[in-house]
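Working notes for the structure below.
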Amino acid sequence: MAAKTEEAALGYEQARDELIEVVRRLEAGGTTLEESLALWERGEELAKVCRHWLEGARARLDAALAKPDEDGAADGG
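Here our numbering runs 4 ahead of the position in the sequence shown, where the first position is 1.
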């Protein structure tokens, strides 16, 4: 369960940067099958964290855009 707590504590930029490093290492090759699998699993976890942050940001933007403007009328875009 500590891994879930650690993932929840990661900010978007931190998770993204670590994911970039994981991808770089996988693309570079030279790792054992076991190391590659561990890297892939970590990459999946990091991608999930990034996706969670992005979905939250999208929800916040959607909520802000749905609020009426100062005139009390919704922005029709």
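By construction, the Cβ of each residue, glycine as well, lies at the ideal position given by its N, Cα and C atoms.
With fewer than 16 other Cβ atoms inside 10 Å of its own Cβ, residue 68 counts as exposed. Listed in chain order, the non-local C-beta contacts of residue 63 below 7 Å within the same chain number zero, local neighbours out to five positions each way being set aside. Pairing residue 17 with residue 72, the inter-Cα distance amounts to about 31 Å.
Cβ neighbours of residue 26 within its own chain (closer than 7 Å, five residues either side excluded): 43, 46, 47, 50.
By the CB criterion at 8 Å, residue 35 and residue 29 fall inside the cutoff. For the pair residue 39 and residue 32, the Cα-to-Cα distance works out to about 13 Å.
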